[in-house]
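Undergrad: Protein chains in written order, with our numbering: chain A, 224 to 563; chain B, 224 to 563.
Beta carbons: idealized from backbone N, C-alpha and C, even for Gly.
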DNA sequence: CTGAAAGCGCTTACAG
DNA sequence: CTGAAAGCGCTTACAG
């Protein structure tokens, strides 16, 4: 059987209060007593029961994280990174995946509530914009410390990359290479910022946006991004859209796009330049290797964890909702060359 | 503030015992009383506190899972799959990543113990064979219900794919295409079974294994599989090894290998046939698309969850350690063609 | 400095 | 069928 604080107290010949004081590093305990207790703990290989502690502290040392899927390197890497950082701080991460299933939304909220998590990290729910906002609001109204990777709501503190600025940088780069017919394939799942950056850059270069070259997406799922990229690109080409460069709102879409272009007999980058977004590990390994924008995953994770733990551990410090925007880096590889 | 069972009892004008009976679906409660209580629960939006329940039931409804990393599609998909299946059964998944850091091993064990998880799923620890075995044994000796995806120990119940048989199938296939100089790049992280399957197939075809064509690996990490594949392949070629086909123990190694071959001026599949293992989503998207073996992820997850929950929920049913081996499917794509 | 006692929010015999 | 009481394993005032 598992030993309890009583067993340790008996073993060390002290009261359970003293054992508790030792465990919690209270300085009142005399050195001798402390050592006696330590030996007993060691001997019995005693570990305090979290459930019992939780009852009193009202703290579970558990953080919930809502993520659309783990079968996607970007979210997996982010979740793994956060898990390790939290572990170092003595917290445990509870990951909930929605897999784009709207039914999961309320189950998820229940789990978070009954588990009494100390805080929640919303990566993205991937349940469609309306559902994402709805559930975020439930969470906000619940009053639990929250950090998001997307500012769905003004009351939310969010951490994200400078998607708009880096998208502008991508398009600036393409224009610098001589491209002027630049297509864009986005997805509602990656937000509107990239498309805005794309449009802004064109505007600043006085290139009118051609709506026939722009796909904003609406129903694609996280599992099928590459297929989505393939289909959109193929449709664009078969519809006779004229473009020499293509900016995709993530790397999987870009990879699908390249596949589609090659299947239609075109070569990337010789015939079409393609740029992705995220810099997943495959971006460097794909052929051609992908020009893309690197997500600052470690910084995002670190920043989110820092903000969340500060809110939890120092509730006296007033908290103002804010958006933390991290710079991103354009990574130039082989998938995009100069315009012919 | 959060409501407790007392608030519900007061609201419904009954005792807390009755509320508890309603919550736990005990049939003793009179219909009228039950409905009264239900209304009170609904009205207060009451959710029972898990920590308090855990204290009594000695059950946390939490399963721990130890996985080397989440930044890798295979493990991410497996973890996500398991999480969803457990959620449906009312359990919560606690994912711990080791990121190949041996220091994490004991922290991980502590977390699992103090959280009082009801069971543990060991995907793979990725801490090197010795550490993996050591920590698995600690877990076994602890006596907690356990399921593993690798039979490290006879006392362990494991679920895995038929890696040896499917590797034989791969090599049989290559031989059928006319290849006889077949190289192999493995990794200790993917186990010895694939190499054994490779050797068995050669043997059965009376082709002597050429040790110069075999790389077993020893220190590579999960994060750098593709780099490892690249380096090994390059070295193989520069050392003048003669081979027309290459079997890699996972898809990332295979992708790195293809990159290396192309960089050395060779074409896949025209000059060399390459086969991977796992069938990650990129296998179908890579160029050339990868011939590989599909891991039965959903079946592995389902089987592991089923076995684990049965052990937890029906402790009276005697449990015999066993290894459940699932068949795998060879997926033929473009990366391997006939020998010239 | 140490210990006896109350209490966290539940469940479970046991009385009635 | 319902309720009063004990107890799960801890922490925290409070006495001494």
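1) With the cut-off set at 8 Å, would you say residue 278 of chain A and residue 319 of chain A are in Cβ contact?
2) Taking 8 Å as the threshold (C-beta atoms), are residue 527 of chain A and residue 340 of chain A in contact?
3) Determine the direct distance from the alpha carbon of residue 315 of chain B to that of residue 334 of chain A, and round the result to whole angstroms.
4) Below 9 Å on C-beta distance, what does residue 265 of chain B contact in chain A?
5) Tell me which residues share the same chain as residue 523 of chain B and place their Cβ nearer than 6 Å to its Cβ, disregarding the 5 neighbours each side in the sequence.
6) Can you find a C-beta in chain A that's less than 8 Å from the C-beta of residue 562 of chain B?
7) On the three-state DSSP scale, how would you describe residue 384 of chain B?
8) Take residue 362 of chain B and list the residues in its own chain whose beta-carbon comes closer than 8 Å to its own, dropping the five residues that flank it on each side.
9) So the candidates are B:448, B:398, B:391, B:386; which of them puts its Cα closest to the Cα of residue 422 of chain B?
10) Apply the 10 Å Cβ neighbour rule to residue 365 of chain A and answer buried if 16 or more other Cβ atoms are within range, or exposed otherwise.
11) Taking all protein chains shown into account, do 16 or more other C-beta atoms lie within 10 angstroms of the C-beta of residue 539 of chain B, making it buried, or fewer, making it exposed?
12) As an exercise, report each continuous alpha helix (DSSP H) stretch of at least 4 residues that is fully enclosed by the segment 241–318 of chain B, in chain order.
13) Taking beta-carbon pairs under 9 Å, can you tell me which members of the segment 468–501 of chain A lie near chain B?
14) Bridge partners for residue 407 of chain B per DSSP, in chain order?
15) Could you tell me the boundaries of the beta strand (DSSP E) in which residue 552 of chain A lies?
16) What is the C-beta distance between residue 403 of chain A and residue 430 of chain A, in whole angstroms, given that I count them as a contact (C-beta under 8 Å)?
17) Output, in sequence order along the chain, the residues in the segment 268–285 of chain A whose CB is closer than 8 Å to any CB in chain B.
18) Could you tell me which uninterrupted beta strand (DSSP E) segments, each at least 3 residues in length, are contained entirely in the segment 461–508 of chain A, listed from first to last along the chain?
19) Mind the definition here: the segment 499–517 of chain A touches the segment 259–266 of chain A only if three or more C-beta pairs lie below 8 Å; say whether that holds.
20) Hey, how far is the Cα of residue 372 of chain B from the Cα of residue 347 of chain B?
21) Quick check on residue 257 of chain A - is its C-beta less than 8 Å from some C-beta in chain B?
22) Which residues in chain B sit within 8 Å of residue 296 of chain A, going by Cβ to Cβ distance?
23) Got a sec, what are the start and stop residues for the beta strand (DSSP E) residue 517 of chain B sits in?
24) Output the boundary residues of the alpha helix (DSSP H) element that contains residue 228 of chain B.
25) Rank B:286, B:483, B:546, B:552 by C-alpha distance to the C-alpha of residue 305 of chain B and give the top, closest one.
26) Counting only Cβ-Cβ distances shorter than 7 Å, please list the residues of the segment 320–346 of chain B near chain A, keeping chain order.
27) Less than 6 Å between C-beta atoms, sequence neighbours within five positions excluded: which residues of the same chain meet that for residue 567 of chain A?
28) For residue 367 of chain A, which residues in chain B fall below 7 Å Cβ to Cβ?
29) Since residue 318 of chain B meets chain A, which of its residues come closer than 9 Å, beta carbon to beta carbon?
30) Measuring CB to CB, does residue 476 of chain A end up less than 8 Å from residue 504 of chain A?
31) Let me confirm a value: residue 483 of chain B is counted as buried when at least 16 other C-beta atoms fall within 10 Å, else exposed. Which label applies?
32) Listing by chain order, which chain B residues have their CB less than 7 Å from the CB of residue 457 of chain A?
33) Using C-beta distances below 8 Å, list every residue in its chain close to residue 245 of chain B, excluding the 5 sequence neighbours before and after it, in chain order.
34) Short of 8 Å Cβ to Cβ, which residues in the segment 502–527 of chain A face chain B?
35) Which residues of chain A have a Cβ atom closer than 9 Å to the Cβ of residue 310 of chain B, listed in chain order?
36) Would you list the one or two residues that DSSP bridges to residue 371 of chain B?
TA: From the atom records:
1) The residue labelled residue 278 of chain A in the question sits at position 55 within the first chain. The residue labelled residue 319 of chain A in the question sits at position 96 within the first chain. Result no, Cβ atoms of residue 278 of chain A and residue 319 of chain A do not sit closer than 8 Å.
2) Locating residue 340 of chain A in the first chain gives position 117, where the first residue counts as 1. Locating residue 527 of chain A in the first chain gives position 304, where the first residue counts as 1. No. Outside cutoff.
3) Residue 334 of chain A sits at position 111 when you count from the first residue of the first chain. Residue 315 of chain B sits at position 92 when you count from the first residue of the second chain. Near 8 Å, if we compare the C-alpha coordinates of residue 315 of chain B and residue 334 of chain A.
4) Reading the second chain from its first residue, position 42 is the one you call residue 265 of chain B. Within 9 Å Cβ-Cβ: nothing; residue 265 of chain B doesn't reach chain A, min ~14 Å.
5) As a first step, residue 523 of chain B is located in the second chain; it is residue number 300 there, counting from the start. Closer than 6 Å at the Cβ level, and outside the excluded window around residue 523 of chain B, lie 382.
6) For the purposes of this step, residue 562 of chain B is taken as residue 339 along the second chain, with counting starting at 1. Not an interface residue.
7) The residue given as residue 384 of chain B occupies position 161 in the second chain. Correct three-state label for residue 384 of chain B: strand.
8) Stepping through the second chain from its first residue, residue 362 of chain B is reached at position 139. Counting only Cβ-Cβ distances below 8 Å, and skipping sequence neighbours, we find 332, 335, 343, 345, 369.
9) The count along the second chain starts at 1 and reaches residue 422 of chain B at position 199. Among B:448, B:398, B:391, B:386, the Cα nearest to that of residue 422 of chain B belongs to B:391.
10) Within the first chain, the letter at position 142 stands for residue 365 of chain A. Residue 365 of chain A is exposed by the Cβ-count criterion.
11) As a working note, residue 539 of chain B is residue 316 in the second chain. Answer is exposed; the Cβ neighbour count stays below 16.
12) 254–267, 273–280, 296–311
13) 475, 478, 479, 481, 482, 485
14) Locating residue 407 of chain B in the second chain gives position 184, where the first residue counts as 1. Beta-bridge pairing links residue 407 of chain B to B:437, B:470.
15) What you label residue 552 of chain A is simply residue 329 of the first chain in a count that begins at 1. Residue 552 of chain A -> beta strand (DSSP E) spans 552–554.
16) For the purposes of this step, residue 403 of chain A is identified with residue 180 of the first chain, where counting begins at 1. For the purposes of this step, residue 430 of chain A is identified with residue 207 of the first chain, where counting begins at 1. Residue 403 of chain A to residue 430 of chain A, Cβ: 6 Å. Contact.
17) 270, 271, 272, 273, 274, 275, 277, 278, 283
18) 468–471, 496–498
19) no
20) Translated into positions along the second chain, residue 372 of chain B becomes position 149. Translated into positions along the second chain, residue 347 of chain B becomes position 124. If I take the Cα positions, the gap works out to 7 Å.
21) Within the first chain, the letter at position 34 stands for residue 257 of chain A. False, the Cβ-Cβ gap to chain B never drops below 8 Å.
22) Along the first chain, read from residue 1 onward, the residue named residue 296 of chain A stands at position 73. In chain order: 294, 295, 296, 299.
23) Your numbering for residue 517 of chain B matches position 294 in the second chain. Note, residue 517 of chain B: beta strand (DSSP E), 515–517.
24) Sequence index remark: in the second chain, residue 228 of chain B carries index 5 (1-based). Residue 228 of chain B -> alpha helix (DSSP H) spans 228–235.
25) Taking the first residue of the second chain as 1, we reach residue 305 of chain B at position 82. Ranking the options by Cα distance to residue 305 of chain B, first place goes to B:286.
26) 320, 322, 330, 333, 334, 336, 337, 338, 339
27) Nothing can be reported for residue 567 of chain A, as the shown portion of chain A is limited to 224 through 563.
28) The residue given as residue 367 of chain A occupies position 144 in the first chain. Chain B residues near residue 367 of chain A: none, gap ~11 Å exceeds 7 Å.
29) Here residue 318 of chain B corresponds to residue number 95 of the second chain, with the count starting at 1. Residues of chain A passing the Cβ test: 293, 302, 303, 306, 316, 317, 318.
30) Numbered from 1 along the first chain, position 253 holds the residue referred to as residue 476 of chain A. Numbered from 1 along the first chain, position 281 holds the residue referred to as residue 504 of chain A. Cβ distance not < 8 Å, so residue 476 of chain A and residue 504 of chain A don't count as in contact.
31) Counting from 1 along the second chain, the entry for residue 483 of chain B is found at position 260. It counts as buried.
32) As a working note, residue 457 of chain A is residue 234 in the first chain. Going along chain B, no residue has its Cβ under 7 Å from residue 457 of chain A, so there is no contact; the nearest lies around 14 Å.
33) By 1-based counting over the second chain, the position of residue 245 of chain B is 22. Cβ within range, chain order: 252, 256, 257, 260, 261, 264.
34) 504, 505, 508, 509, 510
35) Here residue 310 of chain B is taken as the residue at index 87 of the second chain, counted from 1. Going along chain A in sequence order, the residues near residue 310 of chain B (Cβ under 9 Å) are 319, 320, 327, 330, 331, 334.
36) For the purposes of this step, residue 371 of chain B is taken as residue 148 along the second chain, with counting starting at 1. Looking at the DSSP assignment, residue 371 of chain B forms a beta bridge with B:345, B:381.
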